[in-house]
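With positions in the sequence shown counted from 1, the corresponding number in the working numbering is that position plus 529.
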Amino acid sequence: MKRYGFDLIIFDYDGVIADSELLSNTVMAELLCEIGLPTTLDDALATYLGKRWMDCEALISERLGRPCPPDVHGEWTRRCHERAHRELTSVAGFDAFLACRLEPRCIASSSPPDWIELGLGQFGAAQTFGGPIFSAAVHVTRGKPHPDLFLYAADAMKAAPDRTLVIEDSPTGVLAGVAAGMTVVGLCAGGHIRGDHPERLAMAGAHQVFDSYVALSDWLAP
Numbered sequence: 530m531k532r533y534g535f536d537l538i539i540f541d542y543d544g545v546i547a548d549s550e551l552l553s554n555t556v557m558a559e560l561l562c563e564i565g566l567p568t569t570l571d572d573a574l575a576t577y578l579g580k581r582w583m584d585c586e587a588l589i590s591e592r593l594g595r596p597c598p599p600d601v602h603g604e605w606t607r608r609c610h611e612r613a614h615r616e617l618t619s620v621a622g623f624d625a626f627l628a629c630r631l632e633p634r635c636i637a638s639s640s641p642p643d644w645i646e647l648g649l650g651q652f653g654a655a656q657t658f659g660g661p662i663f664s665a666a667v668h669v670t671r672g673k674p675h676p677d678l679f680l681y682a683a684d685a686m687k688a689a690p691d692r693t694l695v696i697e698d699s700p701t702g703v704l705a706g707v708a709a710g711m712t713v714v715g716l717c718a719g720g721h722i723r724g725d726h727p728e729r730l731a732m733a734g735a736h737q738v739f740d741s742y743v744a745l746s747d748w749l750a751p
């Protein structure tokens with residue numbers, strides 16, 4: 530299934546494949562409160578959504594007025610993994626969308642590979658997804674909103690940026706896809722979506738914004 534000659538579809542992971550943003554940002558808010566930085570879930574979503582840990586850490590240190598304690602990352606990872614085994618599911622509609630056999634495809638995420646692989650295994654997409662994983666924690670120096678990860682993924686997949694479709698849920702990711710010269714769809718199907726989120730994706734430059742995988746499928750259909 531293709532539209533406008535796309536040769537590659539790049540999926541973000543958190544909030545696009547895994548409905549994980551509420552989980553990870555709830556843990557983030559809890560931990561930041563514990564280290565003396567009062568943070569609500571909505572604060573965490575607004576500040577850290579779509580960013581890799583290295584960039585989150587810099588923001589935390591700036592807000593704290595001192596270096597982020599070194600054990601925060603490890604504890605955040607531990608708690609997220611622990612809860613994921615009990616709570617993590619795929620984003621509504623993802624499984625049916627994947628069954629449309631949209632190929633070639635890959636994942637390009639700010640999250641580390643072990644987090645991505647945990648979720649794919651848990652909700653049964655490890656084998657069915659069938660595309661490689663590219664991580665800003667491993668493959669590039671600069672994370673989103675810089676275009677580096679998406680450009681790296683497209684180059685590895687031998688696809689031209691202007692023939693690549695990116696599916697993103699965060700303004701940070703949308704900015705990265707637009708900067709890479711790709712067509713970017715903002716997807717608002719995850720449990721973390723709040724009131725003006727679609728407008729924020731559009732303001733970041735998303736070419737289309739959809740509230741479900743069904744709507745995205747309809748747009749892609751010939």
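Even for Gly, the Cβ is constructed at its ideal location relative to N, Cα and C. Note that the structure is a prediction, hence the values are computed from the model and not measured.
Other residues of its chain near residue i: CB distance less than 7 Å, five sequence neighbours each side excluded
| i | result |
| --- | --- |
| A718 | V620, A621, G622, D740, S741 and Y742 |
| W471 | Residue 471 lies beyond the stretch modelled for the chain, which goes from 530 to 751, so this question has no answer here. |
| H726 | C717 |
9 Å Cβ cutoff met for residue i and residue j
| i | j | result |
| --- | --- | --- |
| T712 | V695 | yes |
| W756 | V714 | The displayed coordinates of the chain run from 530 to 751. Any statement about residue 756 would go beyond what the structure contains. |
| A665 | K673 | yes |
| L678 | S639 | yes |
| E550 | D643 | no |
| L745 | F658 | no |
| G720 | P676 | no |
| E821 | H610 | This structure leaves residue 821 out entirely; the chain is present only between 530 and 751. |
| A547 | T618 | yes |
| D624 | A654 | yes |
Residues near residue i in its chain [Cβ-Cβ closer than 6 Å; skip 5 each side]
| i | result |
| --- | --- |
| A518 | Nothing about residue 518 can be reported from this structure: the residues present for the chain run from 530 to 751 only. |
| R612 | L552 |
Any non-hydrogen atom of the ligand FMN within 8 Å of residue i CB
| i | result |
| --- | --- |
| L678 | Among the ligands in the structure shown, none appear at all, so the ligand FMN cannot be discussed. |
Rounded Cβ spacing between residue i and residue j (contact assumed at less than 8 Å)
| i | j | result |
| --- | --- | --- |
| G579 | G702 | 5 Å |
| D571 | R723 | 7 Å |
| A689 | D536 | 7 Å |
Same chain, Cβ closer than 8 Å to residue i, neighbours up to 5 away in sequence not counted
| i | result |
| --- | --- |
| P598 | I564 |
| L704 | K673, P674, A733 and G734 |
| E616 | L552 |
Please go through the segment 570 to 644 and give each complete alpha helix (DSSP H) segment of 4 or more residues, from N-terminal end onward. 570 to 577, 582 to 593, 601 to 616 and 623 to 627
Taking one C-beta from the segment 588 to 606 and one from the segment 557 to 566 each time, how about it: are there three or more such pairs within less than 8 Å? yes
Counting Cβ pairs closer than 8 Å, one from the segment 554 to 564 and one from the segment 649 to 666, do we hit at least three? no
Contiguous alpha helix (DSSP H) assignments of at least 4 residues, all confined to the segment 536 to 576: 550 to 563
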